[in-house]
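Visitor:
Protein chains: 2
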Amino acid sequence: MTTLPPAEIGSPFRNIDTPALIVDLDAFERNLETMAAAADRLGVRLRPHAKTHKSPIIASKQIARGAVGVCCQKVAEAEVLVAGGVTDVLVSNEVVGPFKLERLASLARHARISVCVDHVDNVGQLAAAAERARSRIEVLVEIDVGGRRCGVEPGMPALALARAIAASKALTFGGLQAYYGAAQHMRTPAERREAIAAATAATADTIRCLAEDGFNCRTVGGAGTGTFEHEGASRVWNELQAGSYIFMDTDYAKNVPDGDKAAHPFEHALFVLATVMGRSSEMRAVLDAGHKALSNDSGFPTVWGRPEVNYHRPSDEHGVIELGATSWRPVLGEKILLIPGHCDPTVNLYDWYVGVRGFGTPEARVETLWPVAARGAVT
Amino acid sequence: MTTLPPAEIGSPFRNIDTPALIVDLDAFERNLETMAAAADRLGVRLRPHAKTHKSPIIASKQIARGAVGVCCQKVAEAEVLVAGGVTDVLVSNEVVGPFKLERLASLARHARISVCVDHVDNVGQLAAAAERARSRIEVLVEIDVGGRRCGVEPGMPALALARAIAASKALTFGGLQAYYGAAQHMRTPAERREAIAAATAATADTIRCLAEDGFNCRTVGGAGTGTFEHEGASRVWNELQAGSYIFMDTDYAKNVPDGDKAAHPFEHALFVLATVMGRSSEMRAVLDAGHKALSNDSGFPTVWGRPEVNYHRPSDEHGVIELGATSWRPVLGEKILLIPGHCDPTVNLYDWYVGVRGFGTPEARVETLWPVAARGAVT
Chain G
59 MTTLPPAEIG SPFRNIDTPA LIVDLDAFER NLETMAAAAD RLGVRLRPHA KTHKSPIIAS
119 KQIARGAVGV CCQKVAEAEV LVAGGVTDVL VSNEVVGPFK LERLASLARH ARISVCVDHV
179 DNVGQLAAAA ERARSRIEVL VEIDVGGRRC GVEPGMPALA LARAIAASKA LTFGGLQAYY
239 GAAQHMRTPA ERREAIAAAT AATADTIRCL AEDGFNCRTV GGAGTGTFEH EGASRVWNEL
299 QAGSYIFMDT DYAKNVPDGD KAAHPFEHAL FVLATVMGRS SEMRAVLDAG HKALSNDSGF
359 PTVWGRPEVN YHRPSDEHGV IELGATSWRP VLGEKILLIP GHCDPTVNLY DWYVGVRGFG
419 TPEARVETLW PVAARGAVT
Chain V
59 MTTLPPAEIG SPFRNIDTPA LIVDLDAFER NLETMAAAAD RLGVRLRPHA KTHKSPIIAS
119 KQIARGAVGV CCQKVAEAEV LVAGGVTDVL VSNEVVGPFK LERLASLARH ARISVCVDHV
179 DNVGQLAAAA ERARSRIEVL VEIDVGGRRC GVEPGMPALA LARAIAASKA LTFGGLQAYY
239 GAAQHMRTPA ERREAIAAAT AATADTIRCL AEDGFNCRTV GGAGTGTFEH EGASRVWNEL
299 QAGSYIFMDT DYAKNVPDGD KAAHPFEHAL FVLATVMGRS SEMRAVLDAG HKALSNDSGF
359 PTVWGRPEVN YHRPSDEHGV IELGATSWRP VLGEKILLIP GHCDPTVNLY DWYVGVRGFG
419 TPEARVETLW PVAARGAVT
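What follows is the structure in structure tokens.
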């Protein structure tokens with residue numbers, strides 16, 4: 059079920075077959091540096107989210123630039139990351155079910171593993187699994203700071219879970235997980251600032267509540283690419299979990315930048331290369347990339363370098379560009395770069411990153427092929 | 059990049075890990091029989107679409123029940139099907155680009171391969187590739203019968219392409235591809251009947267136009283799960299290309315059945331099994347299946363056996379069920395069956411089908427694990 063790579067290392071850009079998942083290596087490396095510098099400046103730890111890239115080699119590049127480890131959402135992702143050499147992984151999610159708990163506890167014998175809880179029954183199951191595996195797992199209590207998804211209410215409910223964790227010899231209470239996912243995609247700086255201000259108050263209150271009972275939070279984790287400046291400056295969070303910053307996407311580009319900045323600090327570094335495979339109508343170009351090549355859950359991709367045209371009407375294997383608003387008439391076989399609407403689930407459709415050096419220049423070449431090693435790792 | 063299967067053959071249903079792609083083998087086999095009988099009754103050939111299942115073993119089951127071969131959309135899919143033993147594959151799509159054409163022409167030395175065209179330049183490229191590979195490819199002219207995607211206008215433009223095909227020694231003119239994708243999902247029988255009536259007139263007209271010039275259409279292919287009764291009864295099409303009928307999905311279930319029938323002829327046979335991994339709120343259950351486990355492009359999944367609740371607010375790894383409209387209170391760890399919104403791109407997210415015998419009974423067991431062998435085969 060692993061497909062052949064769509065290119066060979068060393069080959070010119072024009073020889074990449076399509077659809078292909080392209081990384082502009084120069085932009086990607088600048089994004090890595092920018093976030094590492096931001097975490098330094100803010101005085102917080104960086105633990106980037108590997109749910110975005112699903113790749114141990116990308117994780118290793120983040121760690122080489124100062125990240126303390128990575129986080130991910132699934133046990134199967136954590137297994138692939140640890141097998142690829144990552145030694146510190148937080149599953150920033152609840153792990154429920156006997157098979158998954160057994161795998162997580164076994165993995166904790168081979169790396170520093172932490173995980174989140176939001177239910178007292180789950181604390182007991184986790185403790186039993188860790189005891190059976192003779193491993194030790196660090197546990198963060200997840201609080202709901204606005205996402206209405208996982209997490210207990212801030213304050214006393216978090217304290218009850220901390221006590222349950224502390225009652226187990228195989229578990230260590232590690233602190234709080236306080237991630238506000240919906241705030242990442244609020245469009246104006248004021249909305250994002252306000253949302254994180256409310257989350258800050260709730261999180262600080264919970265930390266106080268825990269401290270009064272003698273619980274110290276080694277880690278207060280959260281934040282994403284849309285809001286990390288706020289959590290980072292709050293003096294409440296000490297670990298940032300941004301993921302998408304390495305690639306950016308069309309959805310994040312719709313956020314109005316914070317403060318007086320004209321542009322986002324991060325560049326588009328991830329593209330889907332597509333071919334014009336239909337020109338049977340003068341007013342339409344059909345691309346060979348549809349739902350199976352692009353995740354359209356957060357909106358359609360934009361066409362790189364052609365802001366006047368729109369990708370629309372995707373079906374499973376096709377997308378359509380209407381040419382009414384442009385004099386551009388792509389020829390049959392022409393290759394087009396698309397910026398995905400949503401990077402994480404788009405990456406999950408591919409087996410290979412095609413890493414390109416000199417992207418956008420006539421000398422552009424395939425420098426590397428990286429496996430999307432945890433693609434499909436949903437369990 | 060191939061994940062471990064979420065279950066073992068022989069294990070009881072309750073031991074399947076989640077998210078997992080489940081096939082109810084009994085319903086699936088009834089769907090196979092129902093469509094085979096329909097093609098017999100209509101007096102047309104059946105060439106089911108393998109873009110739905112991406113699996114040589116499922117193709118072989120269709121062929122064992124009388125299908126003449128299968129179709130698919132991508133060269134990479136055709137390669138996997140041929141490698142899995144299928145000897146007759148139509149790529150019901152245009153193939154553009156030198157690498158793909160070379161692969162298609164090479165594949166034609168190992169199986170009966172046909173493909174569609176809608177551009178005269180592509181005919182020349184295809185002929186050159188087949189000549190280089192010393193292979194023979196059968197070519198259908200695709201006409202646009204309403205999809206506004208690929209295909210030339212019906213009538214004379216199709217004749218021009220037929221002449222170009224006939225001018226090449228390596229190509230054989232095979233007939234017409236006339237598929238109306240959007241008609242499959244029109245909700246009322248009257249809309250679908252009207253759409254296919256218009257497509258029938260355009261296709262019949264093109265056949266006449268070709269016949270006047272001496273071109274005989276061995277194949278007139280098209281139709282899908284939503285409209286096949288109309289194409290099948292038209293005496294214009296002679297090859298049905300339905301795909302989704304084997305599994306069905308929430309989107310197809312929204313079609314009002316044809317004629318005076320109360321129900322669709324096909325049953326839901328494909329499910330995503332998910333776990334309740336969040337019950338931190340009394341009024342909400344969080345599932346471990348989001349965008350990476352379900353393709354939500356045609357609407358969200360429905361909850362099997364619980365029509366009163368809705369799956370909504372999916373994020374990459376989570377989905378939410380609000381419990382306000384029900385007295386049902388699922389416990390943490392409870393497993394839930396979802397009917398995907400759209401079967402084809404959901405299948406493409408998984409490496410394994412978990413085939414269950416006795417689905418829905420206490421004796422339900424994993425009978426088979428089938429690889430989604432052409433998962434991710436986008437080139």
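Read top to bottom, the protein sequences are chains G and V. All residue numbers for the first sequence refer to the numbering used here, where the first residue is 59 and numbers rise by one. All residue numbers for the second sequence refer to the numbering used here, where the first residue is 59 and numbers rise by one. Ideal Cβ positions, reconstructed from N, Cα and C, are used throughout, including at glycine.
1) Grouping DSSP H, G and I as helix and E and B as strand, with all else coil, what is histidine 243 of chain G?
2) Since threonine 437 of chain V and lysine 227 of chain V should fall inside the 8 Å C-beta cutoff, what is the C-beta to C-beta distance between them, to a whole number of angstroms?
3) Using alpha carbons as the reference points, say which of G:Ile223, G:Cys130 and G:Thr264 lies closest to proline 212 of chain G.
4) My guess is that glycine 399 of chain V and proline 359 of chain V are in contact by the Cβ rule of under 8 Å, so how many angstroms apart are they, rounded?
5) Can you tell me which of V:Val334, V:Ala85 and V:Ala163 puts its alpha carbon nearest to the alpha carbon of valine 414 of chain V?
6) Between which two residues does the beta strand (DSSP E) holding phenylalanine 231 of chain G run?
7) Do the segment 176 to 195 of chain G and the segment 149 to 164 of chain G make contact, defined as three or more Cβ pairs closer than 8 Å?
8) Exposed or buried, aspartate 271 of chain G, counting other C-beta atoms within 10 Å across all chains shown (16 or more means buried)?
9) Where do the N-terminal and C-terminal ends of the beta strand (DSSP E) with leucine 79 of chain V fall, by residue?
10) Given a limit of 7 Å on CB to CB distance, which residues of the segment 328 to 341 of chain G reach chain V?
11) In this structure, does DSSP put asparagine 89 of chain V in helix, strand or coil?
12) For lysine 393 of chain V, write down the residues that DSSP places opposite it in a beta bridge.
13) By the 8 Å beta-carbon criterion, what residues does the segment 260 to 286 of chain V contribute toward chain G?
14) On a CA-only basis, which of G:Val378, G:Gly232 and G:Asn180 is nearest glycine 336 of chain V? Give me that one, please.
15) When Cβ atoms are compared, which residues of the segment 112 to 142 of chain V fall closer than 8 Å to chain G?
16) Rounded to the nearest angstrom, what separates alanine 117 of chain G and glycine 142 of chain G at their Cα positions?
17) Determine the closest residue to valine 334 of chain V out of G:Asn406, G:Asp176 and G:Phe273, with distance taken between C-alpha atoms.
18) Could you tell me whether the segment 91 to 108 of chain V touches the segment 308 to 316 of chain V, using the rule of 3 or more Cβ pairs below 8 Å?
19) Could you check what DSSP says for arginine 192 of chain G in three-state terms: helix, strand or coil?
20) Beta carbons nearer than 9 Å to chain G: which residues of the segment 367 to 388 of chain V have them?
21) Just mark asparagine 274 of chain G as buried or exposed, buried being the case when its beta carbon has 16 or more other beta carbons within 10 Å.
22) Please check if any C-beta of chain V sits within less than 8 Å of the C-beta of tyrosine 310 of chain G.
23) Cβ of threonine 61 of chain G less than 8 Å from any chain V Cβ?
24) By the 9 Å beta-carbon criterion, what residues does the segment 168 to 192 of chain G contribute toward chain V?
25) So, for alanine 224 of chain G: in the same chain, excluding its five sequence neighbours on each side, which residues have a beta-carbon less than 6 Å away from its beta-carbon?
26) For aspartate 82 of chain V, tell me which candidate among V:Leu198, V:Trp428 and V:Ala432 has the shortest Cα-Cα distance.
27) Which value, in whole angstroms, describes the spacing of the CA atoms of arginine 387 of chain V and serine 150 of chain V?
28) Alanine 248 of chain G: which of G:Gly357, G:Asn354, G:Val128 and G:Gly317 sits nearest, CA to CA?
29) For a minimum of 4 consecutive residues, which ranges assigned as the alpha helix (DSSP H) are wholly contained in the segment 301 to 373 of chain G?
30) Taking serine 338 of chain V and glycine 348 of chain G to be in contact with their CB atoms under 8 Å, please state how far apart those CB atoms are, rounded to whole angstroms.
31) Could you check where the alpha helix (DSSP H) with glycine 290 of chain G kicks off and where it finishes?
32) In angstroms, rounded to a whole number, what distance separates the CA positions of tyrosine 411 of chain V and valine 430 of chain V?
33) For alanine 351 of chain G and chain V, any beta-carbon pair shorter than 8 Å?
34) Does the beta-carbon distance from glutamate 325 of chain V to arginine 88 of chain V come in below 8 Å?
35) Quick one, are the C-beta atoms of leucine 396 of chain G and arginine 105 of chain G less than 8 Å apart?
36) Between aspartate 146 of chain G and serine 302 of chain G, how many whole angstroms is the CB-CB distance? I'm expecting something under 8 Å.
Guide: Here's the rundown:
1) Position 185 of the first sequence, counted from the start, is the residue given in the question as residue 243 of chain G. Residue state, collapsed to three classes: helix.
2) Here residue 437 of chain V refers to the residue found at position 379 when the second sequence is read from its first residue. Here residue 227 of chain V refers to the residue found at position 169 when the second sequence is read from its first residue. Contact between threonine 437 of chain V and lysine 227 of chain V fails: their C-beta atoms lie close to 28 Å from each other, not under 8 Å.
3) Counting from 1 along the first sequence, the entry for residue 212 of chain G is found at position 154. The option with the nearest alpha carbon to proline 212 of chain G is G:Thr264.
4) The residue you call residue 399 of chain V lines up with position 341 of the second sequence. The residue you call residue 359 of chain V lines up with position 301 of the second sequence. At roughly 5 Å, the Cβ-Cβ gap stays under 8 Å, so glycine 399 of chain V and proline 359 of chain V are in contact.
5) In the second sequence, residue 414 of chain V corresponds to position 356, counting from 1. Nearest option by C-alpha distance: V:Ala85.
6) Taking the first sequence and counting its residues from 1, the one referred to as residue 231 of chain G is at position 173. Here the beta strand (DSSP E) through phenylalanine 231 of chain G covers 229 to 235.
7) Contact holds between the segment 176 to 195 of chain G and the segment 149 to 164 of chain G, because three or more Cβ pairs, one in each stretch, are under 8 Å apart.
8) As a first step, residue 271 of chain G is located in the first sequence; it is residue number 213 there, counting from the start. Exposed, because fewer than 16 other Cβ atoms sit within 10 Å of the Cβ of aspartate 271 of chain G.
9) Counting from 1 along the second sequence, the entry for residue 79 of chain V is found at position 21. Residues 78 to 82.
10) Thr333, Met335, Gly336, Arg337 and Ser338
11) Start at 1 with the first residue of the second sequence, and residue 89 of chain V comes out as number 31. Three-state result, asparagine 89 of chain V: helix.
12) In the second sequence, residue 393 of chain V corresponds to position 335, counting from 1. Lysine 393 of chain V is bridged to V:Thr333.
13) For the segment 260 to 286 of chain V, there are no residues whose beta carbon sits under 8 Å from a beta carbon of chain G.
14) On the second sequence, residue 336 of chain V is found 278 positions in, with the first residue counted as 1. Checking every option, the nearest Cα to that of glycine 336 of chain V belongs to G:Asn180.
15) Gln131, Lys132 and Ala134
16) Taking the first residue of the first sequence as position 1, residue 117 of chain G is located at position 59. Taking the first residue of the first sequence as position 1, residue 142 of chain G is located at position 84. Each residue's Cα considered, the two are about 9 Å apart.
17) The count along the second sequence starts at 1 and reaches residue 334 of chain V at position 276. Here the closest residue by C-alpha is G:Asp176.
18) In the pairwise beta carbon analysis, the segment 91 to 108 of chain V is classified as not touching the segment 308 to 316 of chain V: fewer than three pairs are separated by under 8 Å.
19) Counted from its first residue, the first sequence places residue 192 of chain G at position 134. Coil, per DSSP.
20) Arg371, Pro372, Ser373, Asp374, Glu375, His376 and Val378
21) Locating residue 274 of chain G in the first sequence gives position 216, where the first residue counts as 1. That one is exposed.
22) To locate residue 310 of chain G, count along the first sequence from 1; it is residue 252. No, its Cβ sits nowhere closer than 8 Å to a Cβ of chain V.
23) Walking along the first sequence from the start, residue 61 of chain G turns up at place 3. So yes, threonine 61 of chain G belongs to the interface.
24) Asp176, His177, Asp179, Asn180 and Gln183
25) Here the question's residue 224 of chain G lines up with position 166 in the first sequence. Result list for alanine 224 of chain G: Phe231, in chain order.
26) Position 24 of the second sequence, counting from 1, holds the residue named residue 82 of chain V. Closest by alpha carbon: V:Trp428.
27) Counted from its first residue, the second sequence places residue 387 of chain V at position 329. Counted from its first residue, the second sequence places residue 150 of chain V at position 92. The straight-line gap from Cα to Cα measures roughly 47 Å.
28) As a position in the first sequence, residue 248 of chain G is number 190, starting the count at 1. The shortest C-alpha separation from alanine 248 of chain G is found at G:Gly317.
29) 308 to 311
30) Within the second sequence, the letter at position 280 stands for residue 338 of chain V. Within the first sequence, the letter at position 290 stands for residue 348 of chain G. No, serine 338 of chain V and glycine 348 of chain G are not in contact; Cβ-Cβ is about 37 Å, not under 8 Å.
31) In the first sequence, the residue the question calls residue 290 of chain G occupies position 232. Glycine 290 of chain G: member of the alpha helix (DSSP H) spanning 286 to 291, first to last residue.
32) Walking along the second sequence from the start, residue 411 of chain V turns up at place 353. Walking along the second sequence from the start, residue 430 of chain V turns up at place 372. Each residue's alpha carbon lies about 7 Å from the other.
33) Counted from its first residue, the first sequence places residue 351 of chain G at position 293. At least one chain V Cβ lies under 8 Å of alanine 351 of chain G.
34) Mapped onto the second sequence, residue 325 of chain V falls at position 267. Mapped onto the second sequence, residue 88 of chain V falls at position 30. Cβ distance < 8 Å, so glutamate 325 of chain V and arginine 88 of chain V count as in contact.
35) On the first sequence, position 338 is the one that residue 396 of chain G refers to. On the first sequence, position 47 is the one that residue 105 of chain G refers to. Their beta carbons are not under 8 Å apart, which means leucine 396 of chain G does not touch arginine 105 of chain G by this criterion.
36) Taking the first sequence and counting its residues from 1, one reaches residue 146 of chain G at position 88. Taking the first sequence and counting its residues from 1, one reaches residue 302 of chain G at position 244. The pair is not a contact, with the Cβ atoms about 21 Å apart (cut-off 8 Å).
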